[in-house]
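To get my numbering, take the position in the sequence shown, counting from 1, and add 1.
Each residue gets a CB set at the ideal place from its N, CA and C atoms; glycine is no exception.
Notes to accompany the following structure.
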Amino acid sequence: MGLSAVHLVFLHEVGANNPIGLNSFGDSVSFHPYYSYKDLFGIVLVLFFLVFLVLVFPSVLGDPENFIPANPLVTPVHIQPEWYFLFAYAILRAIPNKLGGVVALLMSILVLFFVPVLFRSFFRGEVFYPFSQFFF
2 MGLSAVHLVF LHEVGANNPI GLNSFGDSVS FHPYYSYKDL FGIVLVLFFL
52 VFLVLVFPSV LGDPENFIPA NPLVTPVHIQ PEWYFLFAYA ILRAIPNKLG
102 GVVALLMSIL VLFFVPVLFR SFFRGEVFYP FSQFFF
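Spelled out as C-alpha cells, the structure:
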C-alpha cells in the first residue's frame with residue numbers, strides 16, 4: 002500500500018506517459034472526482050454484495066460435507082482441504098519423503114519472490130516492430 006501511495010504521488014506530480022513518448026495531457030480526465038467516485042461506487046457495490054451474501058445466504062459457499070454429522074467410528078473416504086490449501090496438499094501428497102515435501106512446499110512459495118527478477122524483457126511495444134505493425 003505504501004508503494005501504491007508513492008506511485009500516486011509521482012503520478013500526480015509528473016503525470017502519466019506512454020511507450021511512444023507523446024504528450025497526452027490534452028484529452029485527460031482529472032483523477033479525483035471521476036476515478037475516486039468510480040472506485041468508491043465499486044467498493045460499495047462489492048461490500049453490499051458480500052454483506053448480502055453473508056447475512057442472507059451464509060452457507061452457500063460452504064462445502065456440503067460440513068453439514069454431515071460427525072461419526073467418530075468411521076474415517077471419511079476422502080479428506081480434502083479447502084481450495085486455498087489445495088496446492089500445498091498436492092505438493093505434500095506428491096513427494097513421499099516428509100522433509101522433501103516440506104522443502105518443495107517452501108520452495109513453491111519462495112519462487113514467487115524470485116519471479117520478478119528472473120525475466121527482464123526489453124520489449125518496447127508493438128509500434129516499434131515492423132512485423133507486428135503489419136498485423137496491428
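Under a Cβ-count criterion, where at least 16 other Cβ atoms within 10 Å of its own Cβ denotes burial, should proline 92 be classed as buried or exposed?
One-based indexing of the sequence shown puts residue 92 at position 91. Note that residue 92 is isoleucine in the sequence shown, not proline. By the 10 Å Cβ count, isoleucine 92 comes out buried.
Go ahead and pull the three-state DSSP assignment for alanine 105.
For the purposes of this step, residue 105 is identified with residue 104 of the sequence shown, where counting begins at 1. Helix at alanine 105.
With DSSP as the reference, label isoleucine 92 as helix, strand or coil.
Your numbering for residue 92 matches position 91 in the sequence shown. In this structure, isoleucine 92 counts as helix in the three-state DSSP scheme.
What do you reckon, are the CB atoms on valine 61 and leucine 51 nearer than 8 Å?
Along the sequence shown, read from residue 1 onward, the residue named residue 61 stands at position 60. Along the sequence shown, read from residue 1 onward, the residue named residue 51 stands at position 50. Contact flag unset, no.
On the three-state DSSP scale, how would you describe isoleucine 80?
Numbered from 1 along the sequence shown, position 79 holds the residue referred to as residue 80. Note: isoleucine 80 maps to coil in three-state DSSP.
Given this structure, state the Cα-to-Cα distance separating tryptophan 84 from tyrosine 90, to the nearest angstrom.
Looking up residue 84 in the sequence shown gives position 83. Looking up residue 90 in the sequence shown gives position 89. Distance between the alpha carbons of tryptophan 84 and tyrosine 90 is about 10 Å.
According to the Cβ coordinates, are isoleucine 96 and glycine 102 closer than 8 Å?
Residue mapping note: residue 96 aligns to position 95 of the sequence shown, counting from 1. Residue mapping note: residue 102 aligns to position 101 of the sequence shown, counting from 1. Closer than 8 Å, so yes.
Since tyrosine 38 is in the alpha helix (DSSP H), which residue starts that stretch and which ends it?
Here residue 38 refers to the residue found at position 37 of the sequence shown. Tyrosine 38 -> alpha helix (DSSP H) spans 38-57.
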